[in-house]
Amino acid sequence: MLNDIAENFRKVRDKIEKAAAACGRAPEEVSLLAISKTFPVETISLAVAAGQRLFGENRVQEGESKIPSLDKVPGLEWHLVGHLQSNKAHKAARLFDFVHSVDSAKIAAKLSQSCLETGKRMPVLLQVDLAREPTKSGAEPADIASIMESISTLEGIRVEGLMTIPPYFEDPELARSYFVALRKLRDSLETERPGCLGRRHLSMGMSHDFEIAIQEGATIVRIGTALFGSRT
Ligand SMILES: *Cc1c(COP(=O)(O)O)cnc(C)c1O
Numbered sequence: 301m302l303n304d305i306a307e308n309f310r311k312v313r314d315k316i317e318k319a320a321a322a323c324g325r326a327p328e329e330v331s332l333l334a335i336s337k338t339f340p341v342e343t344i345s346l347a348v349a350a351g352q353r354l355f356g357e358n359r360v361q362e363g364e365s366k367i368p369s370l371d372k373v374p375g376l377e378w379h380l381v382g383h384l385q386s387n388k389a390h391k392a393a394r395l396f397d398f399v400h401s402v403d404s405a406k407i408a409a410k411l412s413q414s415c416l417e418t419g420k421r422m423p424v425l426l427q428v429d430l431a432r433e434p435t436k437s438g439a440e441p442a443d444i445a446s447i448m449e450s451i452s453t454l455e456g457i458r459v460e461g462l463m464t465i466p467p468y469f470e471d472p473e474l475a476r477s478y479f480v481a482l483r484k485l486r487d488s489l490e491t492e493r494p495g496c497l498g499r500r501h502l503s504m505g506m507s508h509d510f511e512i513a514i515q516e517g518a519t520i521v522r523i524g525t526a527l528f529g530s531r532t
């Protein structure tokens with residue numbers, strides 16, 4: 301098991317480096333976020349042993365049951381990548397170091413308030429719904445500028461970029477247009493208000509399409525299955 305996980309990380313890191321190099325990007329521009337949802341602390345520990353430090357969970361409750369048991373490991377960073385509800389904002393503020401899924405001014409305000417109470421300023425990404433799928437969360441692209449405007453004074457959060465989840469396609473090449481759309485949205489927001497997206501992150505790309513996301517500018521790839529195996 302340890303060998304499998306270490307080997308999976310080695311393979312994925314290698315693919316990230318090759319994909320970056322092939323399009324003239326430095327491999328350090330792309331962070332690997334290991335999505336550990338549904339996997340137990342023991343499995344996450346194997347990933348830590350393989351050198352991984354950035355982990356993502358999609359549910360606050362699950363994070364609550366796992367993150368504290370690993371808080372003795374120095375340098376771990378926990379990212380919330382799933383939908384955040386108002387009533388979980390306080391727990392999220394306490395447990396996580398980064399939130400990828402801010403998709404309304406209301407949840408941004410709530411999270412900011414909770415972060416101020418917890419004494420931290422949380423880096424966040426705005427989740428954009430480019431696919432308009434009813435089951436997906438995320439803000440409409442047309443609403444992003446006004447959400448940015450209304451949350452720009454919040455002191456408990458710091459907007460650092462955009463995140464998206466394209467629809468699942470058998471052929472990952474079909475996800476490319478969504479990655480391009482997220483990059484273009486970032487660039488146009490930055491042109492309108494320089495600096496408004498902080499470190500200008502693009503969180504996009506999962507196990508089956510991360511190489512294409514890297515070609516289109518991803519700075520954070522969120523990978524679960526290719527590292528930990530399939531979820532039951
Ligand atoms: C589960 C999940 C991932 C990882 O998906 P894989 O296909 O297993 O790599 C990435 N992002 C989000 C938001 C997720 O919920």
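Going by my numbering, the sequence shown opens with residue 301, and the numbers climb by one from there.
Even glycine gets a Cβ: it sits at the ideal position worked out from N, Cα and C.
With respect to 8 Å, is the separation between the Cβ of residue i and the closest non-hydrogen atom of ligand 1 below this value?
{"i": "Asn387", "result": "no"}
{"i": "His508", "result": "yes"}
{"i": "Val341", "result": "no"}
{"i": "Val424", "result": "no"}
{"i": "Thr570", "result": "Because the chain spans 301 through 532 in this model, residue 570 falls outside it and cannot be assessed."}
{"i": "Arg531", "result": "yes"}
{"i": "Thr381", "result": "The identity of residue 381 in the sequence shown is Val, whereas the question assumes Thr. The answer is yes for Val381."}
{"i": "Ile335", "result": "yes"}
{"i": "His400", "result": "yes"}
{"i": "Gly356", "result": "yes"}
Short of 8 Å in beta carbon distance, which residues of its chain neighbour residue i, apart from the five on each side in sequence? Order them along the chain.
{"i": "Ile444", "result": "Leu426, Val428, Leu462, Leu485 and Leu489"}
{"i": "Ala454", "result": "Sequence inspection shows Leu at residue 454; the Ala mentioned does not correspond to that position. These residues qualify, in order along the chain: Ala408, Ala409 and Ser412."}
Would residue i pass as a contact of residue j if the rule is Cβ separation under 9 Å?
{"i": "Leu354", "j": "Ala326", "result": "no"}
{"i": "Thr519", "j": "Ser401", "result": "no"}
{"i": "His383", "j": "Asp397", "result": "no"}
{"i": "Thr418", "j": "Gly438", "result": "no"}
{"i": "Val459", "j": "Val424", "result": "yes"}
{"i": "Lys337", "j": "Arg313", "result": "no"}
{"i": "Ile512", "j": "Glu449", "result": "no"}
{"i": "Met506", "j": "Leu482", "result": "no"}
{"i": "Ala393", "j": "Lys420", "result": "yes"}
What span of residues does the alpha helix (DSSP H) with residue i cover, start to end?
{"i": "Gly363", "result": "Val360 to Lys366"}
{"i": "Phe510", "result": "Phe510 to Gln515"}
Might you give, ordered along the chain, the residues of its own chain that have their beta carbon closer than 6 Å to the beta carbon of residue i, omitting 5 neighbours on each side?
{"i": "Ile529", "result": "The question names Ile, but residue 529 in the sequence shown is Gly. Once the five neighbours on either side are set aside, Gly529 has no close Cβ partner at all."}
{"i": "Ile344", "result": "Ser336"}
Among residues of its own chain, excluding the 5 on either side of residue i, which ones have a beta-carbon nearer than 7 Å to its beta-carbon?
{"i": "Phe469", "result": "Ala475"}
Which stretch, first to last residue, makes up the beta strand (DSSP E) that contains residue i?
{"i": "Pro423", "result": "Met422 to Val428"}
(message) Please give me, in chain order, every unbroken run of the beta strand (DSSP E) with length at least 3 that falls completely inside the region 383-467.
(response) Counting only runs of 3 or more residues that sit fully inside the region 383-467, the beta strand (DSSP E) segments are 398-402, 422-428 and 457-464, in chain order.
(message) Could you tell me which whole alpha helix (DSSP H) segments of length 4 or greater appear in the region 476-505?
(response) Inside the region 476-505, DSSP marks whole alpha helix (DSSP H) runs of 4 or more residues at positions 476-492, from first to last along the chain.
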